[in-house]
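Residue numbers (the working numbering): 573 to 905.
Just so you know, even glycine gets a beta-carbon here, dropped at the ideal spot from N, CA and C.
What follows is a set of notes on a single structure, which appears directly below.
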Amino acid sequence: MPNPLFSTYTQGENRVTSTVIAVLEHVNNQLAEDILEALTDESDLSLVSFDNQVTGVDSVPDAAIKSSTALWFETKTSRDAVDKEQLENHLHALDEDKTELQRLIVLTPDARLPDEVAAINDERIVWANFDSLIDTIETVLERDVGNAEASMSVPTEREAFLLRELSRFLYDEDLVSGKEDRVLVVAARKAWPEYQEHGLYFCQANRSFKPVDHLAFYTDAEIKTAVPSVTDAIESIELTEETVRNHPDLSQSQREQLLDAVTQFRKEGSERYGETEKVIFLRDGIELNHPVKNDKTASDSDRTVAFVQGHRYVSFSKLRNSPEYTTELEDSD
């Protein structure tokens with residue numbers, strides 16, 4: 573069932589743009605600024621108004637956000653669809669704007685910078701793809717009061733819901749790159765033994781991930797050798813026997829598998845029992861020749877730092893070759 577907040581525009585580009593703008597308008601300004609600063613590689617944006625289909629001189633950008641900063645959006649929902657003349661018209665229209673900072677954000681599903689954008693020598697034009705928008709949203713959703721820096725805004729429950737729904741909308745619109753060569757690697761101090769015991773992955777309810785075919789486990793400073801295939805997921809379920817028995821979205825085999833796990837949680841007095849969590853169902857995938865050792869270091873020193881904090885993505889084609897060290901996977905997020 574479509575989210576009523578999201579746009580009822582019928583034209584694809586307008587629907588996508590107005591949906592993004594609607595979510596940014598309904599979260600607090602600091603969160604919106606954090607997301608836009610990450611997309612534009614800017615700092616100290618100041619946002620006031622959110623407008624769709626703004627009319628300029630020979631130019632109708634898909635949306636605009638105005639204050640002392642003007643961010644105009646041109647959105648494409650197809651790959652290789654950027655029109656150089658259209659972008660130039662938008663930039664000419666921006667010449668009439670009196671704001672101090674002007675940016676034209678070209679948001680597309682392309683995997684690389686479109687040639688049409690690269691050909692325009694104007695610092696006001698910024699390209700971003702939907703993968704980077706999803707990455708930014710996921711980073712924001714991982715914030716919590718306990719670990720966020722003082723300058724960071726932590727989303728409320730309502731804001732987190734809106735951001736997760738936006739992520740799902742972008743996935744449903746097929747605007748994010750393919751999942752076939754993407755592996756979700758999760759921090760797995762608890763998850764690794766749980767997978768070995770139950771063949772399942774448990775995490776925060778409604779946690780947002782990019783679509784993937786495989787999942788890997790990082791703990792003990794290494795990526796473990798088992799890389800199972802992802803078969804299905806339940807976004808939110810209370811981990812009790814009664815709820816599992818009566819949940820309408822579980823197949824019989826899933827119900828039996830999850831019921832076995834929940835029953836064991838109860839018998840062991842596990843903190844998972846009774847919690848509401850997301851469950852990812854897994855089956856045997858590939859087996860690496862050896863664990864992938866972490867050799868990631870801090871950018872300003874030789875100090876070793878965790879390869880995964882929360883979760884990240886790596887290339888399946890690179891991982892299946894059983895690299896020796898995690899740095900061999902670094903450029904594949």
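Best match in the options for proximity to residue i [C-alpha to C-alpha]
i	options	result
S704	D687, E843 and V678	V678
K796	V802, T803 and A788	A788
V880	P820, Q829 and L901	L901
R827	D874, F837, S640 and T815	T815
E668	D630, Q776 and I692	D630
N893	H770, S871, N861 and Y845	N861
N701	T589, L596, Q768 and P863	T589
K865	T899, E794, F781 and G846	E794
C775	R844, E688 and S871	R844
V712	A610, T876 and V877	A610
I709	E813, V834, K782 and D792	K782
A763	Y897, T641 and T791	T791
As assigned by DSSP and simplified to three states, the class of residue i
i	result
V654	coil
G974	Since the first residue of the chain shown is 573 and the last is 905, residue 974 is not available in this structure.
N601	helix
Q776	strand
I809	strand
E688	helix
S631	strand
K839	helix
L891	helix
E522	A question about residue 522 goes unanswered here, because the residues of the chain that appear run from 573 up to 905.
H664	helix
P820	coil
D804	strand
H786	strand
D770	Note that residue 770 is His in the sequence shown here, rather than Asp. In the structure shown, H770 sits in a helix (DSSP, three-state: H, G or I).
T728	coil
P576	Note that P576 has pLDDT 49, beneath the 50 cutoff, so the model's placement of it is unreliable and no number is given.
E828	helix
E695	coil
N586	helix
R884	strand
T647	strand
Same chain only: Cβ atoms within 8 Å of residue i, ignoring 5 sequence neighbours per side
i	result
L685	W699
S842	Q836
S887	D753, R754, V755, L901 and S904
L742	V588, F702, L705, I706 and V748
P574	In this prediction, P574 scores a pLDDT of 49, lower than 50, which makes its location untrustworthy; the coordinate-derived value is nonetheless stated afterwards. Nothing listed; no residue qualifies.
R761	T791
H819	I806, I809 and R827
D832	H770
Nearest-angstrom beta carbon gap, residue j and residue i [assumed within contact, 8 Å]
i	j	result
L854	Y773	6 Å
P800	G857	4 Å
L666	W644	6 Å
Residues of its chain near residue i, where Cβ-Cβ distance is below 7 Å and the 5 sequence neighbours each way are ignored
i	result
S725	N600, Q602, L603 and D606
T647	E585, V588, T589, D634 and L679
R838	Y845
P863	E794, I795, K796 and T797
A732	L713
Residues near residue i by beta carbon distance below 6 Å, same chain, minus five either side
i	result
H664	none
S579	Because the pLDDT at S579 is just 49, under 50, the model does not fix this residue reliably, and the value given afterwards should be weighed accordingly. Closer than 6 Å at the Cβ level, and outside the excluded window around S579, lie R587, S590 and T591.
D694	L663
E810	T848
Any non-hydrogen atom of the ligand PLP closer than 7 Å to residue i Cβ
i	result
R875	This structure simply doesn't include the ligand PLP, nor any ligand for that matter.
Taking three-plus beta-carbon pairs below 8 Å as touching, is the stretch 667-677 in contact with the stretch 733-748?
no
Inter-stretch contact at 8 Å, needing at least 3 Cβ pairs: the stretch 643-653 / the stretch 726-739:
no
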